[in-house]
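Asker: In the numbering used here, the protein residues as written are 5 to 445.
1) Cα separation between residue 376 and residue 137?
2) Let's see if you can read the secondary structure: which residues bound the beta strand (DSSP E) around residue 197?
3) Kindly indicate which residue of 209, 31 and 347 has the alpha-carbon position closest to the one of residue 423.
4) Indicate whether residue 447 and residue 64 have their beta-carbon atoms separated by less than 8 angstroms.
5) Under 8 angstroms, Cβ to Cβ, is there at least one residue of chain D near residue 382?
6) Could you give the distance in angstroms between the alpha-carbon of residue 227 and the alpha-carbon of residue 273?
7) Using the Cα positions of residue 83 and residue 223, report the straight-line distance between them to the nearest angstrom.
8) Have a look at 76, 373 and 140 and flag the residue whose alpha-carbon is nearest the alpha-carbon of residue 53.
9) Taking DSSP's pairing of strands, which residues face residue 309 in a bridge?
10) Distance check for residue 333 and residue 403, CA to CA, integer angstroms please.
11) Cβ atoms of residue 18 and residue 109: under 8 angstroms apart, would you say?
12) Could you check whether residue 346 and residue 323 sit closer than 8 angstroms to each other, using their CB atoms as the reference points?
13) Taking the beta carbon of residue 329 as the centre, do at least 16 other beta carbons fall within 10 Å, making it buried, or is it exposed?
14) On a CA-only basis, which of 107, 28, 43 and 88 is nearest residue 66? Give me that one, please.
15) Rounded to the nearest angstrom, what separates residue 214 and residue 181 at their Cα positions?
16) Under DSSP, the beta strand (DSSP E) around residue 226 begins and ends at which residues?
17) Considering only the alpha carbon of each residue, which of 440, 126, 26 and 265 lies closest to residue 229?
18) Quick one: Cα of residue 5 to Cα of residue 96, how far?
19) Within the chosen definition, does the stretch 274-288 reach the stretch 336-345 through at least 3 CB pairs nearer than 8 angstroms?
20) For residue 211, count neighbouring Cβ atoms within 10 angstroms of its own Cβ and tell me buried if that reaches 16, exposed if not.
21) To which residues does DSSP link residue 94 through a beta bridge?
22) Is it buried or exposed, residue 194, if we count other Cβ atoms within 10 angstroms and call 16 or more buried?
23) Mind checking residue 305: buried by the 16 CB within 10 Å criterion, or exposed?
24) Just to confirm the assignment: which complete beta strand (DSSP E) runs, minimum length 3, are found wholly within the stretch 363-408?
25) Which partner residues of residue 333 appear in the DSSP bridge assignment?
26) Which residues share a DSSP beta bridge with residue 188?
27) For residue 88 and residue 34, which I take to be in contact (beta-carbon distance under 8 angstroms), what is that distance rounded to the nearest angstrom?
28) With a cut-off of 8 angstroms, do at least 3 Cβ pairs link the stretch 362-379 to the stretch 409-416?
29) Between which two residues does the beta strand (DSSP E) carrying residue 423 extend?
30) Can you look up residue 221 in the DSSP assignment and give me helix, strand or coil?
31) Just mark residue 400 as buried or exposed, buried being the case when its beta carbon has 16 or more other beta carbons within 10 Å.
32) What number of angstroms, rounded off, separates the C-alpha of residue 44 from the C-alpha of residue 389?
33) Thinking C-beta only, is residue 268 closer than 8 angstroms to residue 165?
34) Taking the alpha-carbon positions, what's the residue 368 to residue 405 distance?
35) From residue 58 to residue 73, what distance separates their C-alpha atoms?
36) With a CB to CB cut of under 7 angstroms and the five nearest residues on each side skipped, what residues in its chain are close to residue 298?
So, in structure tokens, the structure goes:
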């Protein structure tokens, strides 16, 4: 694709990167076939190719984004299926992230939407605030029936978004997990030492996931530390276009993990939420222009691993469970399969450890969670969830396994089939506790 940035514009490292990405695009349109919003809406501007044209014009002409441009960029899930499909290697992720930042810097959203986004950015990354918000949501859920039914609109309104938030709130909250700073000793001979990302939403909604990871890791000789000064990874605010907050969190995490690695050492930084993992693995890129921390950020990105990447090298000791032939529908989270290019490994681990793993039709399509997407774009998210749940039901599973808390919440809201994390099943298969068959996030 031909670009027309000025030399002055190209002196900006972000615009220089955008120019490089845009020039890689050859307009082939392969991306449209796997883009969830294009599949649903059939609008070229709701495809990666269409959005690339919108972003190109906005950046080249240094324009204030129009409401029409914002509508189509906001509808993008950042699922990155287009990057998996693209034969030219276009890094759409870095391009659309830059567009989101430009929009938040220059576009005046309606007051209600600005306030909602500020609330999400304030509450979701903080576990204590998020826990209290979930308590309030549970109390408010019965009142949702009294909210008026919103009129159909291309842009969701506040009432529709409030209803979506209340619908996603859990019926009960589990007890909190272990405190930051906790260290879990290896059982038997020590084979390694890792940091385990504590997460923000996950530690409130499903602390059992990291508890299963700790159980499996320590049983296989790995010491696990929950780093005390760790923060939210920044993914939530990053995808909201608030890079000031996201990069501050990234810097804090790089400093915390670097200090831990310099102390007692770290073999890896393990992540059980793939949406977080994709961003942490990108810290090296996000902080590349920060001379004070760029080298450490690159090292942190290299240390970051999805939990399945790490346990694949542990020679898991499978034990007899007493019930075989459990059919597991594996949901491949977008951030794992498209963002980190991890596709077959989780399924291989489950199969090797005694589960009957079924591929879900249209596994490349997003479930509609996508961070805060199921709140900000509830109608499209609901259609994608229903499509995903129907595809899962077609394989008649006993359980659904996934590697991302957002996907787990989204899918669980549309099915009665138990939704568990891949690591919970692997922990059970190797001597840990059995996940509750009625486990709902």
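All C-beta atoms in this analysis are idealised placements derived from N, C-alpha and C, irrespective of residue type, glycine included.
Answerer: Working from what's here:
1) Residue mapping note: residue 376 aligns to position 372 of the chain shown, counting from 1. Residue mapping note: residue 137 aligns to position 133 of the chain shown, counting from 1. If you take the alpha carbons of residue 376 and residue 137, they lie about 15 angstroms apart.
2) Taking the first residue of the chain shown as 1, we reach residue 197 at position 193. Here the beta strand (DSSP E) through residue 197 covers 196-200.
3) As a first step, residue 423 must be located in the chain shown, where it is residue number 419. Nearest C-alpha to residue 423: 209.
4) Any question about residue 447 goes unanswered here, given that the chain covers just 5 to 445.
5) In the displayed structure, chain D is absent; only one protein chain is listed.
6) Numbered from its first residue, the chain shown carries residue 227 at position 223. Numbered from its first residue, the chain shown carries residue 273 at position 269. Rounded to whole angstroms, residue 227 to residue 273 spans 12 angstroms at the Cα level.
7) Taking the first residue of the chain shown as 1, we reach residue 83 at position 79. Taking the first residue of the chain shown as 1, we reach residue 223 at position 219. The straight-line gap from Cα to Cα measures roughly 34 angstroms.
8) The residue given as residue 53 occupies position 49 in the chain shown. Nearest C-alpha to residue 53: 76.
9) Taking the first residue of the chain shown as position 1, residue 309 is located at position 305. Looking at the DSSP assignment, residue 309 forms a beta bridge with 274.
10) Reading the chain shown from its first residue, position 399 is the one you call residue 403. Reading the chain shown from its first residue, position 329 is the one you call residue 333. Their backbone Cα atoms lie some 6 angstroms apart in a straight line.
11) As a first step, residue 109 must be located in the chain shown, where it is residue number 105. As a first step, residue 18 must be located in the chain shown, where it is residue number 14. Not in contact: residue 109 and residue 18 (Cβ atoms no closer than 8 angstroms).
12) As a first step, residue 323 must be located in the chain shown, where it is residue number 319. As a first step, residue 346 must be located in the chain shown, where it is residue number 342. No, these two residues do not count as a Cβ contact at 8 angstroms.
13) Position 325 of the chain shown, counted from the start, is the residue given in the question as residue 329. Burial call: exposed.
14) Start at 1 with the first residue of the chain shown, and residue 66 comes out as number 62. Nearest of 107, 28, 43 and 88 to residue 66, Cα basis: 107.
15) Position 210 of the chain shown, counted from the start, is the residue given in the question as residue 214. Position 177 of the chain shown, counted from the start, is the residue given in the question as residue 181. Looking at the two C-alpha atoms, the distance is approximately 8 angstroms.
16) Position 222 of the chain shown holds residue 226. 226-229 is the span of the beta strand (DSSP E), which, as asked, contains residue 226.
17) Residue 229 sits at position 225 when you count from the first residue of the chain shown. If we check each option's Cα against that of residue 229, 265 comes out closest.
18) By 1-based counting over the chain shown, the position of residue 5 is 1. By 1-based counting over the chain shown, the position of residue 96 is 92. C-alpha separation (whole angstroms): 14 angstroms.
19) yes
20) Here residue 211 refers to the residue found at position 207 when the chain shown is read from its first residue. So residue 211 counts as buried.
21) Taking the chain shown and counting its residues from 1, one reaches residue 94 at position 90. None, per the DSSP bridge assignment.
22) In the chain shown, the residue the question calls residue 194 occupies position 190. Exposed: under 16 other Cβ atoms inside 10 Å.
23) Within the chain shown, numbered from 1, the residue matching residue 305 stands at position 301. Per the 10 Å Cβ criterion, buried.
24) 403-406
25) As a first step, residue 333 is located in the chain shown; it is residue number 329 there, counting from the start. The partner list for residue 333 (beta bridge, DSSP) reads 362 and 404.
26) The residue given as residue 188 occupies position 184 in the chain shown. DSSP lists 228 as partners of residue 188.
27) Taking the first residue of the chain shown as position 1, residue 88 is located at position 84. Taking the first residue of the chain shown as position 1, residue 34 is located at position 30. Not quite, the Cβ-Cβ distance comes to about 10 angstroms (not below 8 angstroms), so this is no contact.
28) yes
29) On the chain shown, residue 423 is found 419 positions in, with the first residue counted as 1. That run of the beta strand (DSSP E) goes 423-425.
30) Translated into positions along the chain shown, residue 221 becomes position 217. In the structure shown, residue 221 sits in a helix (DSSP, three-state: H, G or I).
31) For this step, residue 400 is matched to residue 396 along the chain shown. Exposed, since its Cβ has fewer than 16 Cβ neighbours within 10 Å.
32) By one-based count along the chain shown, residue 44 stands at place 40. By one-based count along the chain shown, residue 389 stands at place 385. In a straight line, the C-alpha of residue 44 is about 12 angstroms away from that of residue 389.
33) On the chain shown, residue 165 is found 161 positions in, with the first residue counted as 1. On the chain shown, residue 268 is found 264 positions in, with the first residue counted as 1. No.
34) Looking up residue 368 in the chain shown gives position 364. Looking up residue 405 in the chain shown gives position 401. Residue 368 and residue 405: Cα-Cα distance of roughly 15 angstroms.
35) By 1-based counting over the chain shown, the position of residue 58 is 54. By 1-based counting over the chain shown, the position of residue 73 is 69. Each residue's Cα considered, the two are about 6 angstroms apart.
36) Reading the chain shown from its first residue, position 294 is the one you call residue 298. Only 291 and 292 meet the Cβ criterion.
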